[in-house]
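Trainee: For the sequence shown, this note's numbering gives the first residue as 137, with consecutive numbering after it. Handing you a structure now.
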Amino acid sequence: MATTETAERPAKRLSASATKRVLPGFGLSLGISLFFISLVLLLPISGLFIRAAGMGWEQFWFVITDPRVVASYKVTALAALAASLFNCVFGLLLAWVLVRYEFPGKRLLDAIMDLPFALPTAVAGITLATLFAESGWYGQYLAELGIEVAFTPLGIVVAMAFTSVPFVVRTVQPVLEELAPEDEEAAMSLGASDLTVFRKILFPMLWPAVVTGGALSFARSLGEYGAVIFIAGNSPYISEVISLMIFVRLEEYDFPAASAIAAVVMTVSLLLLLAINVWQGRYLKRLHGG
137 MATTETAERP AKRLSASATK RVLPGFGLSL GISLFFISLV LLLPISGLFI
187 RAAGMGWEQF WFVITDPRVV ASYKVTALAA LAASLFNCVF GLLLAWVLVR
237 YEFPGKRLLD AIMDLPFALP TAVAGITLAT LFAESGWYGQ YLAELGIEVA
287 FTPLGIVVAM AFTSVPFVVR TVQPVLEELA PEDEEAAMSL GASDLTVFRK
337 ILFPMLWPAV VTGGALSFAR SLGEYGAVIF IAGNSPYISE VISLMIFVRL
387 EEYDFPAASA IAAVVMTVSL LLLLAINVWQ GRYLKRLHGG
């Protein structure tokens with residue numbers, strides 16, 4: 137008995153070490169990965185903050201609190217919030233349809249979900265502006281109802297929602313695929329309605345993924361530029377987004393001011409992503425009884 141246990145221990149250690157070392161040359165591959173991460177991500181971000189820090193606190197505060205810049209903060213934040221809330225609902229419905237139903241063209245629809253990632257944002261912006269203009273396919277019918285989308289703050293919401301909806305769909309979709317239908321069937325056999333099943337059984341397991349996808353959608357929308365400027369109208373204090381203000385400062389060759397505004401957006405995005413990761417870690421730890 138003791139001999140058998142002794143023989144099993146090296147096998148377990150070997151399998152554990154094998155699972156940790158999937159790639160050959162782990163140290164080399166890790167070093168190359170860290171090098172490219174530093175080159176592509178950390179170095180530009182560090183340069184941005186260093187350039188902004190060289191301004192001095194008074195000048196930095198003067199730049200980021202300029203009334204026009206503050207107005208663009210508000211427009212961007214409100215539009216990103218509205219777009220992310222819309223994506224939480226619409227993205228959940230899309231993920232539900234893709235997972236729970238079989239229909240002709242399902243694979244095509246699933247592939248189209250990644251189109252905003254593959255499509256250049258400038259092309260997306262021109263397309264949306266064409267569709268939602270007063271003479272466009274959608275805009276002409278909305279104009280009859282008194283709804284203006286193109287060249288208004290509503291157009292910003294539409295552009296942000298279009299470019300960031302895949303974050304919600306792709307975050308919720310795997311969770312839906314892992315849900316076992318037995319719990320739903322048991323609840324329905326006991327007389328629960330569809331709404332009760334969704335509210336009591338499905339949504340408690342789905343809402344962390346929905347919140348995570350919505351937060352990622354919000355963070356993505358904060359820095360959206362190409363898809364927004366073609367449909368926003370770009371009126372000062374009304375429909376200017378913060379990414380446009382960064383571009384305006386660059387056109388004025390005011391690189392420190394552009395770096396300062398960009399540093400604010402970068403800080404908000406990084407803090408949001410950090411909060412998502414911390415919340416996810418604590419939720420998973422509590423979920424598994426850690």
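By construction, the Cβ of each residue, glycine as well, lies at the ideal position given by its N, Cα and C atoms.
Reducing DSSP to helix, strand and coil, say where L255 ends up.
Mentor: Correct three-state label for L255: coil.
Trainee: Out of A328, S208, R306, T212, point me to the one whose CA is closest to G471's CA.
Mentor: With the chain covering 137 to 426 only, the question about residue 471 has no answer from this structure.
Trainee: Can you check whether the CB of A215 is closer than 8 Å to the CB of P289?
Mentor: A contact, by the Cβ cut-off of 8 Å.
Trainee: Going by other Cβ atoms of all chains shown within 10 Å of its Cβ, with 16 needed for buried, is R385 buried or exposed?
Mentor: So R385 counts as buried.
Trainee: For P317, name the three-state secondary structure that DSSP assigns.
Mentor: Of the three classes helix, strand and coil, the one that applies to P317 here is coil, per DSSP.
Trainee: Residues in the same chain with beta-carbon distance under 6 Å from W130, minus the five sequence neighbours each way, listed in chain order, please.
Mentor: Because the chain is modelled from 137 through 426, residue 130 falls outside the range shown and cannot be assessed.
Trainee: Would you mind stating whether F287 and P252 have Cβ atoms separated by less than 8 Å?
Mentor: For F287 and P252, no; Cβs fall outside 8 Å.
Trainee: Taking the C-alpha atoms as reference points, what is the distance between V294 and L326?
Mentor: Straight-line Cα distance between these residues: approximately 42 Å.
Trainee: Contact between the region 361-377 and the region 252-264: three or more CB pairs below 8 Å?
Mentor: Because the criterion of three Cβ pairs below 8 Å is met, the region 361-377 and the region 252-264 touch.
Trainee: Considering only the beta carbon of each residue, do I382 and A368 sit closer than 8 Å?
Mentor: The answer is no: Cβ separation not under 8 Å.
Trainee: What is the DSSP secondary structure of D330, reduced to helix, strand or coil?
Mentor: Looking at D330 - three-state DSSP - the assignment turns out to be helix.
Trainee: Where does the unbroken alpha helix (DSSP H) through M341 begin, and where does it stop?
Mentor: Looking at the DSSP string, the run of the alpha helix (DSSP H) that includes M341 is 339-358.
Trainee: The alpha helix (DSSP H) that contains N112, what's its start and end?
Mentor: With the chain covering only 137 through 426, there is no way to say anything about residue 112.
Trainee: Would you kindly work out how many angstroms separate the C-alpha atoms of L244 and T263, rounded to a whole number?
Mentor: Taking the straight line joining both Cα atoms gives about 20 Å.
Trainee: Less than 8 Å between the CB atoms is what I'm expecting for L352 and L338, so what's the real figure, rounded?
Mentor: Their Cβ separation, rounded to whole angstroms, is 21 Å, which puts L352 and L338 out of contact at 8 Å.
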